[in-house]
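What follows is a single structure, written as structure tokens, with notes after it.
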DNA sequence: GATAGTAGTTACCCAAAGGAAAGTAGTTAC
DNA sequence: GTAACTACTTTCCTTTGGGTAACTACTATC
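Chains as they are written, first to last, in the working numbering: chain A, 1 to 114; chain B, 1 to 114.
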């Protein structure tokens, strides 16, 4: 890593902590990945993201909506259908997800597979 | 995001989960960032990473050592000095830290600062 | 009228993460 | 001998994350 100043390092740190605050937890990135694939309804997400409970899914969707990563669309059909989709903004996560995925794959090889 | 297959998506997901498993928690990346800056002793890290308790620091250093991100050097002086440093391998995190930092900075602006 | 599906909410519980404070064992300085 | 510094460990406690199961309110189908 190129030489950096103390101030740069501290602000890096703060940025990383902020990013992790938003993306932290077992389910947030899996949900986003599922919705990036295609918009889905509540029970469809439940079926795709295996193991998640309705309580946690509702909670995480709210968190992701607040952070503008997911959009909740309500359609006035009978009964109403509610469709969640990854926001345009969520595409800014693309690079983060890519580097994390690459690192995770490489690291698994290093620690277990060799 | 370019069109991807279901299989690619699932393996992405697994990789990301694996990466987060290693990097998860409040302190791991802050500690790595601190050591990337310069090798340090236990109490030096304590002072730089504000708010961390000795219990947590000892625990996280062990975890990071197991994952080969941090090296623990023992020097046979009197008294022994123990110096922790970021491993060469930890440089593979560079890209991850950079994208996370950039995203965190941009996201903070979006959600709070405007 | 019973069953199933929609999108959740509620209450209760457990386990892991993390914080606070004190202790330990050794060395060094005063 | 007392205080301070090293690198931790131990104990206790609280908070948070997450799981289970039941329940709600509505609609559609048999």
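All residues carry an ideal CB built from backbone N, CA and C; glycine is no exception.
Taking 7 Å as the cut-off, does the CB of residue 21/A come closer than this to any heavy atom belonging to the ligand HEM?
-> For the ligand HEM, the structure offers nothing, since it holds no ligand at all.
Give the DSSP bridge partners of residue 84/B, in chain order.
-> In DSSP, residue 84/B forms a bridge with 40/B and 72/B.
Consult DSSP for residue 1/B and reduce its assignment to one of helix, strand or coil.
-> Below a pLDDT of 50, predicted positions are generally treated as unreliable, and residue 1/B, at 49, falls in that range; the measurement from the model is reported next regardless. Coil, per DSSP.
To which residues of the same chain is residue 191/A closer than 8 Å at the C-beta, ignoring the five residues directly before and after it?
-> Outside the displayed span of chain A (1 to 114) sits residue 191/A, for which this structure offers no information.
Write down the C-beta distance between residue 85/B and residue 71/B rounded to the nearest angstrom, noting that I regard them as a contact closer than 8 Å.
-> Confirmed, about 5 Å.
Check residue 109/B in the structure and name its three-state DSSP category.
-> Reduced to three states, the DSSP call for residue 109/B is helix.
In chain order, what residues of the same chain lie with their CB nearer than 7 Å to the CB of residue 39/A, ignoring the 5 residues before and after it?
-> The beta carbon of residue 39/A is closer than 7 Å to those of 83, 84 and 85 in its chain, skipping five residues each way along the sequence.
Pick from 91/B, 16/B and 98/B that is closest to residue 36/B, judged by C-alpha positions | Answer by Cα proximity: 91/B.
Does any CB atom of chain A fall closer than 8 Å to the CB of residue 56/B?
-> Not closer than 8 Å to any Cβ of chain A, the Cβ of residue 56/B fails to qualify, so no.
Look up residue 26/A in the DSSP assignment and say whether it is helix, strand or coil.
-> In the three-state scheme derived from DSSP, where H, G and I count as helix and E and B as strand, residue 26/A is classed as coil.
Listing by chain order, which chain A residues have their CB less than 9 Å from the CB of residue 87/B?
-> In chain order: nothing, as chain A lies at least about 11 Å away.
Pick helix, strand or coil for residue 45/A, following the three-state DSSP scheme.
-> Three-state DSSP puts residue 45/A in a helix.
What is the DSSP secondary structure of residue 96/A, reduced to helix, strand or coil?
-> Helix.
For the 8 Å Cβ check, are there 3 or more pairs between the segment 21 to 33 of chain A and the segment 52 to 64 of chain A?
-> Verdict: yes, contact present.
Note down, in chain order, all residues in the segment 25 to 42 of chain A with a beta-carbon under 7 Å from any beta-carbon belonging to chain B.
-> Residues 29, 30, 33, 36 and 37.
DSSP three-state call for residue 79/A: helix, strand or coil?
-> Coil at residue 79/A, not helix or strand.
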